[in-house]
Amino acid sequence: MNHKEFLKGRGAQKNTPNRFLQHVYEQREDFLEFCRLEGEEAGNNKTEYIPIFPKTIVNKVDSPDVGMMFSMNPYQGCEHGCIYCYARNAHEYWGYSAGLDFERKILVKKSAPELLEAKIRHKNWKAQTIVMSGNTDCYQPAEKKFEITRKCLEIFLKYRHPVGIITKNALILRDLDILKELTSHQLVGVNISVTSLSEKTRRKLEPRTASIQKRLKTIRILSENNIPVNAMLAPMIPGINSHEILKLAKAVSDNGASSFAFTVVRLNGAIGQIFTDWIKKAMPDRAEKVLHLIQDCHGGSINDSRFGLRNRGEGKVATQIHDMARLARLRYFKNKSFPKLNKELHDQYKTGQMKLF
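Numbering (this note's numbering), first residue to last: 13 to 369.
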């Protein structure tokens, strides 16, 4: 494929049809060819920020194999553009495509701090760790402009409420001051995603994310400030990055991570079509091999909806990945553990001040 046909700076290479919409918008090949010959762009590749006004911000997580009870997402859609991202499917609920729309149309919840404060101050709320973000990255590029995540962290600190963070962006270090205060009360745990040690691989899989070196540096700085870090070595994609799991584990451990977790890639919903289209353009020489290896991990399918198995995988390839992860823990994480967060302080601060009686 001509390299000019590959849309650089984005993960998805097209918009897939939205399963909830009756009509489909698509760009015909003859139109794309006309634009190429005329030297014109077929569409606008700029990121658009769209304000939305949800009634709630904290979501209860019902999936039994996710490892969190509550999550919140200041943004829907994510400019990072990770091609494998399971959150892409959620964009269809908003009337957009899970493909390019997910990366270019970012829905912004400016009222998130106020909604969060109302939630955790409610008389019936009992402190449970709320994870930012269970879906889309709370430190994606939009955060630099809107600072919604920082305002939410200030709410968590004010009410002494435990919070988890999942990100692959070094922008989290901007909020080191708040994170240090939260840590002094054992109220925060950070999950940093590191998918590969190869910048070439990172740029293809996650085009608008922080470099690998920045992520490792972020782990190191957080750890040096006693902020507990779990490294998310996810997803493991056989034929692309699964062979790196030992080296990845060593790298994050050397930089201070307390633990690591991983998943085996699954391409649920529209992501199967998006990933298949992408890999045939980005890695045409090994596309079929990678797709077959993924199928081997999920009973012959690239998708898997079975709780307990969908993120673990099964079969010989998945077993090899789990065996290497087990060895990595023995070698690099012996006597290390990720601490539990403090749920006992919040009740005293729920009204905004300490109870005197």
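Each residue gets a CB set at the ideal place from its N, CA and C atoms; glycine is no exception.
At a Cβ-Cβ threshold of 9 Å, A337 and L245 count as neighbours. Inter-segment contact for the segment 205 to 212 and the segment 220 to 233 is present: three or more beta-carbon pairs are separated by less than 8 Å. When beta bridges are read from the DSSP output, S271 appears opposite N242. In terms of CA proximity to K163, L128 leads the group L339, I291, L128. Comparing alpha carbon positions, the residue from P125, G21, W137, L188 closest to R116 is G21. For F82, the enclosing beta strand (DSSP E) covers residues 82 to 84.
In the three-state DSSP reduction, K156 falls in the helix class (H, G or I).
For a cut-off of 8 Å, the C-beta gap from L357 to H197 is around 6 Å, short enough to register as a contact. Per the coordinates, the alpha-carbon of P219 lies some 30 Å from the alpha-carbon of G327. Between G89 and H103, the C-beta spacing is below 9 Å. With distances taken between CA atoms, F319 lies nearest to P76 out of P76, I286, A139. Judged by their CB atoms, R343 and A263 are not nearer to each other than the 9 Å cut-off. Assignment of beta-bridge partners to E60 by DSSP yields K117.
I118 has its alpha-carbon roughly 6 Å from the corresponding atom of E60. Less than 9 Å divides the Cβ of N354 from the Cβ of L199.
DSSP places Y105 in the helix class (H, G or I) of the three-state scheme. N237 and A269 have their alpha carbons spaced roughly 12 Å apart. With respect to the 9 Å criterion, I167 and V143 are not classified as neighbours on the basis of their beta carbons. Spanning the alpha carbons of M295 and N101 requires a straight line of approximately 23 Å. Per the coordinates, the alpha-carbon of I257 lies some 8 Å from the alpha-carbon of M248.
Note on geometry: alpha-carbon atoms of V302 and L194 lie some 42 Å from one another.
Contact between G107 and L33 holds: CB atoms are separated by about 7 Å, below the 8 Å threshold. Taken through DSSP and simplified to helix, strand or coil, G79 comes out as coil. Rounded to the nearest angstrom, the gap between the Cα atoms of D189 and Q25 is 39 Å. Within its own chain, the residues whose Cβ lies closer than 6 Å to the Cβ of F114, once the five positions on either side in sequence are excluded, are G89, R100, H103, listed in chain order. The alpha carbon of H255 has as its nearest neighbour, out of D74, N57, V329, the alpha carbon of V329. Taking a C-beta distance under 9 Å as the contact criterion, Y98 and L217 do not qualify as a contact pair.
In the DSSP assignment, M336 falls within the unbroken alpha helix (DSSP H) covering 327 to 344. In this structure, the CA atom of L279 is about 8 Å from the CA atom of D316. Of the residues N253, K259, S349, the one whose Cα lies closest to the Cα of S271 is S349. When beta bridges are read from the DSSP output, G201 appears opposite G176. From the listed residues A139, H334, D42, Q332, the smallest Cα separation to L169 is found for A139. DSSP places P219 in the coil class of the three-state scheme, outside both helix and strand.
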